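Working notes, beginning with the structure itself.
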DNA sequence: TGCGTTCTTTGCGGCAGCGCAAAGTTTGCT
DNA sequence: AGCAAACTTTGCGCTGCCGCAAAGAACGCA
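Protein chains in written order, with my numbering: chain L, 140 to 377; chain P, 140 to 377.
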């Protein structure tokens with residue numbers, strides 16, 4: 140779990156970075172300027188931790204580019220991915236749920252770019268900026284819903300259905316239209332998918348092979364393209 | 140899913156009902172009086188829904204007595220219990236996570252008593268009463284943590300360990316010391332336990348039988364007593 | 001007290017998916 | 001180009017757990 144090397148406050152962040160994102164979309168230029176001037180911008184390599192589970196929640200983040208996996212590690216060292224977070228969302232908002240320590244590790248799934256602020260600014264943002272608190276709580280709400288869904292899924296569905304669901308969620312969140320299908324637009328391994336669906340990389344590999352034979356997906360190393368989303372939906376709803 | 144019959148505002152609610160509960164503990168007598176005067180008190184039979192998944196989130200609740208299961212029902216009618224909520228906690232606080240509809244069904248596990256307020260009061264409570272909002276968010280945070288734990292558990296542990304964990308959680312939350320062990324102080328069936336741990340009542344029954352033979356638990360109809368919690372801890376951590 | 005309902009126990013067969021193993025493929029590095 | 005590391009595929013045997021079934025035990029009600 141190697142930390143990123145350099146912290147850099149870019150000379151001048153453009154206001155358009157934030158102005159269209161929900162937690163900030165109600166603010167005027169001057170407010171956004173202020174917020175940006177307080178922010179630290181940092182680039183992260185792929186596969187590094189933005190913050191670690193259990194560490195003091197000293198900063199909160201806005202993911203500007205890339206994808207982040209929210210991961211928990213078990214006593215025996217296995218990783219379980221709780222969520223995928225796409226660009227444009229807040230991250231590490233422990234303060235919004237009254238936590239002083241990060242409850243999970245945030246790991247970049249691709250090279251990523253994020254702004255961050257000291258957690259001490261959280262309360263002033265919430266107080267000063269209209270809609271900021273509300274939108275943050277909505278973010279929490281969405282994640283709660285997603286976790287809820289995953290619990291139900293894992294409790295009631297078979298591996299094949301869970302993997303189908305995970306793929307569908309991924310192409311919904313982060314899908315990119317290509318020639319003959321929708322591709323997950325970041326590198327994702329069989330291992331990653333297995334950690335998302337509580338199975339093994341072997342089983343995922345077998346499933347993808349089978350689906351490929353049926354023309355539902357196409358995959359190569361770290362790339363998965365869904366050709367027939369509808370077939371997956373059908374599969375997932377058995 | 141039969142609804143409770145009678146709504147009754149009791150003649151005079153005692154302030155001590157709320158004064159020691161975290162979301163209200165920082166308030167003075169006059170404030171609590173005001174809050175109580177706005178509250179509706181209602182008794183619920185065992186096994187009824189306090190509110191239903193998907194319904195407009197029109198009220199929020201404080202569970203004064205009893206136990207509530209937070210349940211989601213799948214397309215095929217199976218029930219999955221996401222959480223158990225003991226007395227003394229807020230319930231149905233959809234507003235705290237920016238939701239307009241209840242994300243799950245709250246079902247009483249025992250006869251219960253709850254106060255409730257119209258959701259329109261949520262914002263004024265948050266604005267007027269010191270600590271109310273913060274404590275509510277902490278409640279959300281704790282539930283997020285618990286859900287997270289359940290996801291990890293279901294992803295990595297075997298049935299035996301999950302059931303052991305569920306029992307331990309139940310005796311921690313709602314355990315009552317008795318002669319030679321700790322008893323879960325509300326009626327819980329094998330079926331209930333299986334819905335908590337994503338398995339079948341048969342498997343739960345078999346496990347309890349086996350554990351009883353080893354002297355770790357004692358159980359009768361709807362009652363489970365843990366005699367050797369430590370042994371369960373050991374089991375759950377394999 | 002007797003009867004229906006709800007809950008629990010136990011046996012048995014089957015199979016989904018895991019664990020292990022080994023070989024094949026792609027990528028990055030020097 | 002050549003090698004190591006990372007990722008993927010596939011086969012095979014095993015087993016934990018489910019599904020089905022059926023009987024037994026406890027409770028609630030008339």
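Idealized CB from N, CA, C, for every residue including glycine. Small disclaimer: the values here were computed from a predicted structure and weren't measured.
Query: Contiguous beta strand (DSSP E) assignments of at least 3 residues, all confined to the region 140–203 of chain P; Result: 179–183, 188–190
Query: DSSP-derived helix/strand/coil call for residue 276 of chain L; Result: helix
Query: At least three beta-carbon pairs within less than 8 Å, the region 151–167 of chain P to the region 263–283 of chain P; Result: yes
Query: Contacts around residue 198 of chain L, its chain only, beta-carbon distance under 7 Å, and the 5 residues preceding and following it disregarded; Result: 231, 255, 256, 257, 258
Query: Near-chain L residues of the region 282–309 of chain P - C-beta to any C-beta below 7 Å; Result: 283, 284, 286, 287, 289, 290, 291, 293, 294, 295
Query: Through-space distance from residue 320 of chain L to residue 287 of chain L, alpha-carbon basis; Result: 29 Å
Query: Three-state class that DSSP yields for residue 360 of chain L in the structure shown; Result: coil
Query: Near-chain L residues of the region 209–223 of chain P (beta-carbon distance less than 8 Å), N- to C-terminal order; Result: 211, 213, 214, 215, 217, 219, 221
Query: Beta-carbon gap between residue 189 of chain P and residue 245 of chain P smaller than 8 Å; Result: yes
Query: Top-ranked residue by Cα proximity to residue 296 of chain P, from P:282, P:338, P:316; Result: P:338
Query: Contact set for residue 351 of chain L: own chain, Cβ-Cβ below 7 Å, skip 5 residues either direction; Result: 357, 358
Query: Residue-chain proximity (residue 277 of chain P, chain L), Cβ-Cβ < 8 Å; Result: yes
Query: Sequence-distant residues of its chain with Cβ nearer than 8 Å to residue 183 of chain L (five each side left out); Result: 143, 189, 205, 247, 250, 251, 252, 253
Query: Residue 246 of chain L (DSSP reduced to helix, strand or coil); Result: strand
Query: Below-8 Å beta-carbon distance, residue 242 of chain L vs any chain P residue; Result: yes
Query: Buried or exposed by the 16-neighbour rule on C-beta atoms within 10 Å, applied to residue 280 of chain P; Result: buried
Query: Sequence-distant residues of its chain with Cβ nearer than 7 Å to residue 346 of chain L (five each side left out); Result: 299, 302
Query: contact_flag[the region 306–316 of chain P, the region 314–329 of chain L] where n(CB pairs < 8 Å) is 3 or more; Result: no
Query: As assigned by DSSP and simplified to three states, the class of residue 374 of chain L; Result: helix
Query: Selected residue, minimal CA-CA separation from residue 263 of chain P, among P:170, P:160, P:370, P:360; Result: P:170
Query: Helix, strand or coil at residue 326 of chain P according to DSSP, with G and I counted as helix; Result: coil
Query: Extent of the continuous alpha helix (DSSP H) to which residue 352 of chain L belongs; Result: 340–352
Query: Cβ-Cβ distance between residue 343 of chain L and residue 362 of chain L below 8 Å; Result: no
Query: Beta carbon proximity, residue 232 of chain P to chain L, threshold 8 Å; Result: no
Query: Residues in the region 235–261 of chain L having any Cβ partner in chain P nearer than 9 Å; Result: 235, 236, 237, 238, 242, 243
Query: Cutoff 6 Å; reference residue 367 of chain P; Cβ partners in own chain excluding five residues on either side; Result: 355
Query: Interface residues of the region 264–276 of chain L facing chain P [CB-CB below 8 Å]; Result: 273, 274, 276
Query: Alpha carbon of residue 181 of chain L to alpha carbon of residue 376 of chain P, nearest angstrom; Result: 39 Å
Query: Straight-line Cα distance separating residue 229 of chain P from residue 207 of chain P; Result: 11 Å
Query: Contact check, residue 292 of chain P vs residue 220 of chain P, beta carbons under 8 Å; Result: no
Query: Interface residues of the region 335–353 of chain P facing chain L [CB-CB below 7 Å]; Result: 337
Query: Interfacial residues, the region 170–201 of chain L to chain P, with Cβ spacing under 9 Å; Result: none
Query: Distance between beta carbons of residue 243 of chain L and residue 322 of chain L, contact taken as under 8 Å; Result: Actually they are not in contact, since the Cβ atoms of residue 322 of chain L and residue 243 of chain L sit about 27 Å apart, beyond 8 Å.
Query: Reduced DSSP secondary structure (H/G/I, E/B, other) of residue 381 of chain P; Result: In this structure chain P extends from 140 to 377, so residue 381 of chain P is not present and cannot be described.
Query: Through-space distance from residue 178 of chain P to residue 146 of chain P, alpha-carbon basis; Result: With a pLDDT of 45 at residue 146 of chain P, under the threshold of 50, the modelled position of that residue is not reliable, and no figure is offered here.
Query: Paired residues, beta bridge with residue 253 of chain P - DSSP; Result: P:181, P:202
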